[in-house]
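Visitor:
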Amino acid sequence: MGKIYGKKLALELYSVKRTKKQCPIIRERGTDYNVFMWIEKGEGFFDIDGDKFTLSEGEGIFIRHDVPCAYWGDELETSWCSFFCIEEYLNYAIDDMKYFTYKMTDYLRAEAEILRNYVNDGEEDFVDTITYETEAPRVMLNGKTTPIALSAIGYSFVSNFFDAVLNKEDDVIIKINAYLEKNYASYVALDAIAEYVGMDKYALCKYYKKMRKITIMDELLNLRVSKAKRMLRYGNDSVEEIGKKCGFESPSYFCKRFKDIVGTSPKQYRKKYF
């Protein structure tokens, strides 16, 4: 349970900042606090409890306390909100999930900006560099608030974040994304998705675009490229084999679309890490 100046609180904000340079972090035993972190610039490589993946600008991750984690990246800029809370609240909000990823929407950015402005009270909220040895700056009382009020602000932010990321997408969006995740390696047709969801194809596409600000097929392309990046980074398959495993119809099409999104060819991307 969080404590501020000897007061026991349901939730205590630990650090709310952003950094211009996120150096490699390795925490084999995790941390004492929970953290929302999102990418402001660059690309980050994550190893969370043995699961390896990448996150790019506009994507974020929540990591539960005591979960082994490591992350690193070139010219990586991040923002974060870390906090302590009673375990009962965490279990209620996210069950037993150790981590989850999400996309930063305009709503989430606005919520984060409100929190930053409140807790930093006009002070500079940038930290030049965060390293393994660096202690993240603590949220401090500024004389204009009380521990209980600060806890309430933090609770509101964390709850809104959980709700926006985990609970606001309706069954239609969840079903579509689940279908894409399951079938990205093979041919995917809008007719098949519509039949799976139980909606008219054109209504389905219009609804998804309205809710997600991206088309279903562009979402599928981003998913395939994300899977390919992970295979290139951590696997030994050839570029041609990876393209096929990720659902691309030909090696040339895979290379073209990969470069369109990532800015470099699959082979050049792999060479960066070997």
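Quick note on numbering: this note's numbering labels position 160 of the sequence shown as 215, and the sequence is numbered without any gaps.
Every residue, glycine too, gets a C-beta built ideally from N, C-alpha and C.
(1) The ligand PLP heavy atoms versus the CB of Tyr251: any closer than 6 Å?
(2) Closest to Ala249 by CA distance: which of Ile271, Ser241 and Asp218 is it?
(3) Can you give me the Cβ contacts of Arg279 inside the same chain, cut-off strictly under 7 Å, excluding the 5 residues immediately before and after it?
(4) Whole angstroms is fine: what's the gap from Tyr324's alpha carbon to Trp135's?
(5) Considering only C-alpha positions, which residue in the set Phe216, Asp150 and Ser307 is nearest to Phe138?
(6) Since Glu295 and Ser206 are thought to touch, with beta carbons under 8 Å apart, how far apart are those beta carbons, to the nearest angstrom?
(7) Could you check what DSSP says for Asn291 in three-state terms: helix, strand or coil?
(8) Sort out for me which residues DSSP pairs Phe139 with in a bridge.
(9) Kindly list the residues whose CB is nearer than 6 Å to the CB of Val90, restricted to its own chain and excluding five residues on each side of it in sequence; keep chain order.
(10) Quick check: what's the CA-CA separation for Asp121 versus Asp104?
(11) So, at 8 Å on beta carbons, what are the nonlocal neighbours of Glu98 in its own chain, with the 5 sequence-adjacent residues on each side left out?
(12) Among residues of its own chain, excluding the 5 on either side of Thr186, which ones have a beta-carbon nearer than 7 Å to its beta-carbon?
(13) State the DSSP-derived secondary structure class of Lys256, mapped to helix, strand or coil.
(14) Are the CB atoms of Gly115 and Tyr157 within a distance shorter than 7 Å?
(15) Cα separation between Glu83 and Leu276?
(16) In the DSSP output, what is Asn89 paired with across the bridge?
(17) Does DSSP classify Ile59 as helix, strand or coil?
(18) Look at the alpha carbon of Lys230 and the alpha carbon of Tyr242, and state the distance between them as a whole number of angstroms.
(19) Assign Ala39 to buried or exposed, taking buried as 16 or more other Cβ atoms, counted over all protein chains shown, within 10 Å of its Cβ.
(20) Run through DSSP, which three-state label would Asp102 get?
(21) Give me the Cβ distance between Ala125 and Asp102, rounded to the nearest whole Å; I'm assuming they're in contact under 8 Å.
(22) Pick helix, strand or coil for Gly267, following the three-state DSSP scheme.
(23) Do Tyr251 and Tyr262 come within 7 Å of each other at the CB atom, strictly closer than that value?
(24) Quick check on the burial criterion: 16 or more other C-beta atoms within 10 angstroms. Buried or exposed for Ala283?
Guide: So, to answer that:
(1) You won't find the ligand PLP in this model; it holds no ligand whatsoever.
(2) Mapped onto the sequence shown, residue 249 falls at position 194. Looking at the Cα atoms, Ile271 is the closest of the given residues.
(3) What you label residue 279 is simply residue 224 of the sequence shown in a count that begins at 1. Within the same chain, Arg279 has close Cβ partners Tyr239, Cys301, Gly302 and Phe303.
(4) Residue mapping note: residue 324 aligns to position 269 of the sequence shown, counting from 1. Residue mapping note: residue 135 aligns to position 80 of the sequence shown, counting from 1. Roughly 27 Å between the two C-alpha positions.
(5) Walking along the sequence shown from the start, residue 138 turns up at place 83. Of the candidates Phe216, Asp150 and Ser307, the one whose C-alpha sits nearest the C-alpha of Phe138 is Phe216.
(6) For this step, residue 295 is matched to residue 240 along the sequence shown. For this step, residue 206 is matched to residue 151 along the sequence shown. About 55 Å separates the beta carbon of Glu295 from that of Ser206, a gap too long to meet the 8 Å contact definition.
(7) Locating residue 291 in the sequence shown gives position 236, where the first residue counts as 1. In the three-state DSSP reduction, Asn291 falls in the coil class, being neither helix nor strand.
(8) Residue mapping note: residue 139 aligns to position 84 of the sequence shown, counting from 1. Partner(s): Glu67.
(9) Numbered from its first residue, the sequence shown carries residue 90 at position 35. Setting aside the 5 residues that flank it on each side, Val90 is surrounded in the same chain by Ile118, Trp135 and Ser137, each with a C-beta closer than 6 Å to its C-beta; the list follows chain order.
(10) Position 66 of the sequence shown, counted from the first residue, corresponds to residue 121. Position 49 of the sequence shown, counted from the first residue, corresponds to residue 104. A direct Cα-Cα distance of roughly 10 Å separates Asp121 from Asp104.
(11) As a position in the sequence shown, residue 98 is number 43, starting the count at 1. Excluding sequence neighbours, Glu98 sits near Thr109, Leu110, Ser111, Glu112, Gly128, Asp129 and Leu131.
(12) Position 131 of the sequence shown, counted from the start, is the residue given in the question as residue 186. Confidence in Thr186 is poor, its pLDDT being 40 and thus under 50, which makes the residue's placement unreliable; the coordinate value appears in the next sentence. So the qualifying residues of the chain are Cys78.
(13) Numbered from its first residue, the sequence shown carries residue 256 at position 201. Here Lys256 carries a helix assignment [DSSP, helix/strand/coil].
(14) Your numbering for residue 157 matches position 102 in the sequence shown. Your numbering for residue 115 matches position 60 in the sequence shown. If you check the CB distance, Tyr157 and Gly115 come in under 7 Å.
(15) Looking up residue 83 in the sequence shown gives position 28. Looking up residue 276 in the sequence shown gives position 221. When rounded, the distance between both Cα atoms is 34 Å.
(16) Counting from one through the sequence shown, the residue named residue 89 turns up at place 34. Phe138.
(17) The sequence position of residue 59 within the sequence shown is 4, counting from 1. Residue placement at Ile59 is flagged as unreliable, the pLDDT there being 43, under the threshold of 50; the coordinate-derived value follows with that caveat. Correct three-state label for Ile59: strand.
(18) For the purposes of this step, residue 230 is taken as residue 175 along the sequence shown, with counting starting at 1. For the purposes of this step, residue 242 is taken as residue 187 along the sequence shown, with counting starting at 1. Here the alpha carbons of Tyr242 and Lys230 stand approximately 17 Å from one another.
(19) Outside the shown range of the chain (56 to 329) lies residue 39, about which nothing can therefore be said.
(20) Position 47 of the sequence shown, counting from 1, holds the residue named residue 102. Looking at Asp102 - three-state DSSP - the assignment turns out to be strand.
(21) The sequence position of residue 125 within the sequence shown is 70, counting from 1. The sequence position of residue 102 within the sequence shown is 47, counting from 1. That belief holds up - the Cβ atoms of Ala125 and Asp102 are roughly 4 Å apart, short of 8 Å.
(22) Residue numbering aside, residue 267 sits at position 212 when the sequence shown is read from its first letter. Checking the sequence shown, residue 267 turns out to be Arg, not Gly. Helix, per DSSP.
(23) As a working note, residue 262 is residue 207 in the sequence shown. As a working note, residue 251 is residue 196 in the sequence shown. In this structure, Tyr262 lies away from Tyr251, with their beta-carbon atoms at least 7 Å apart.
(24) Start at 1 with the first residue of the sequence shown, and residue 283 comes out as number 228. Classification for Ala283: buried.
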